[in-house]
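Structure, as structure tokens:
In this note's numbering, the protein residues as written are 6 to 398.
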């Protein structure tokens, strides 16, 4: 994967020429025909591709060894695989494949089903904990991208999720992040197996999540039951919605809608939930384009934050690209957030700054600055940039 700068530059140029020749095709939905697209200040396709190449190459060259299959490296890989789809850069695909092979196409590795747990845990017996299941998203994508569709790539994903669905428990997703980690696994597995149980169980598990985390007044999600208002309040006595937590949910809903059948009995409910979140998030965006960590109380933890902003940008772009969100209403949101992502968060060397460190809430006084970066934040950034490319292409 090592290569000199001259070679990288040449390779990037070749990718651009290939795109102009029509060799690569978008994997996203149809480009919206709304006249708002023509009126928007959107970037040129080659500029977006250059950003994707810069960001992802920087990350991979500074992190050459395969990481674990835990949630944060796996969240990065969900962005990496989308970057591959829009650029065709074989290095990106190789990086994902090496990571999957390093982790044996598994999440947590225990084979003793009687010991499998779904509470929080970083050990190999926490097989049913969603933070270990997000890796399956990329394994399924690699399976689909591989023309041979090697069943060994998704064997563990099917084993784990089918065992989970065979149990009576429905309280697997008790934190907002889990909705991004696992909902798309279930719709992706539905797509490759045709097993309707994946969709039914997704809906059942989400009902439980809604019962403990969804705020009916706003349509937003608390990170988990500990943060529900008025039991928990922001510094100024307001509801405390953590940006990255709702970012996980909004992006997860976009991914679900991408694979959920148009005629599914759950389709209308998922679209309504997604549109309601889009409306609520629009009102919380700061004039500078980002969302503060506590979205409805900017003074609680002021200043820019990239991971939540990038997940929201991806979610909005996907919805516009697929005709679910009105371009006239939501393109101005995207224009502002893209400006922040490319002019503030993105550094010249490809590093992505202002990513809040691993945590579960907006923390007053926590330093989040230009040097704050993380794998999951880069993954969110690549999701947003890849979807932007699909729009402008």
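Quick reminder that beta carbons are idealized off the backbone N, C-alpha and C, glycines included.
Sequence-distant residues of the same chain with beta carbon closer than 8 Å to residue i, five excluded per side
| i | result |
| --- | --- |
| residue 201 | 195 |
| residue 293 | 309, 341, 345 and 349 |
Burial state of residue i (16 or more Cβ within 10 Å)
| i | result |
| --- | --- |
| residue 266 | exposed |
| residue 49 | exposed |
| residue 169 | buried |
| residue 145 | buried |
| residue 27 | With a pLDDT of 36 at residue 27, under the threshold of 50, the predicted position of this residue should be treated as unreliable, though the coordinate-derived value follows. Exposed is the call here. |
| residue 391 | buried |
| residue 231 | exposed |
Contact set for residue i: own chain, Cβ-Cβ below 7 Å, skip 5 residues either direction
| i | result |
| --- | --- |
| residue 210 | 175, 177 and 178 |
| residue 410 | Residue coverage of the chain in this structure runs from 6 to 398, which leaves residue 410 outside it and unanswerable. |
| residue 269 | 204 |
| residue 98 | 89 |
| residue 147 | 101, 102, 105 and 158 |
| residue 338 | 287, 290 and 321 |
| residue 127 | 75 |
8 Å contact criterion, which residue i and residue j should meet: CB distance rounded
| i | j | result |
| --- | --- | --- |
| residue 108 | residue 140 | 7 Å |
| residue 325 | residue 396 | 7 Å |
| residue 351 | residue 56 | 7 Å |
| residue 191 | residue 248 | Wrong, their Cβ atoms sit about 25 Å apart, outside the cutoff. |
| residue 86 | residue 143 | 5 Å |
| residue 316 | residue 253 | 7 Å |
| residue 386 | residue 84 | 7 Å |
| residue 181 | residue 251 | 7 Å |
Residue i versus residue j: straight-line alpha-carbon distance, rounded
| i | j | result |
| --- | --- | --- |
| residue 243 | residue 233 | 11 Å |
| residue 393 | residue 259 | 14 Å |
| residue 380 | residue 78 | 6 Å |
| residue 62 | residue 235 | 45 Å |
| residue 347 | residue 281 | 27 Å |
| residue 290 | residue 187 | 27 Å |
| residue 207 | residue 277 | 16 Å |
| residue 364 | residue 43 | 40 Å |
| residue 172 | residue 162 | 16 Å |
| residue 369 | residue 155 | 48 Å |
| residue 67 | residue 273 | 43 Å |
| residue 41 | residue 335 | 10 Å |
Residue i in three-state terms, based on DSSP
| i | result |
| --- | --- |
| residue 299 | strand |
| residue 47 | coil |
| residue 121 | coil |
| residue 155 | coil |
| residue 323 | helix |
| residue 386 | helix |
| residue 81 | helix |
| residue 374 | coil |
Spatial neighbours of residue i in its chain, beta-carbon cut-off 6 Å, leaving aside the 5 residues before and after
| i | result |
| --- | --- |
| residue 9 | Caution applies to residue 9, whose pLDDT of 38 falls short of 50 and renders its modelled position unreliable; the model cannot decide the point. |
| residue 382 | 311, 312, 357 and 360 |
| residue 34 | Bear in mind that a pLDDT of 40 at residue 34, under 50, signals an unreliable position, so the number given afterwards is only what the model happens to contain. Cβ within range, chain order: 326 and 327. |
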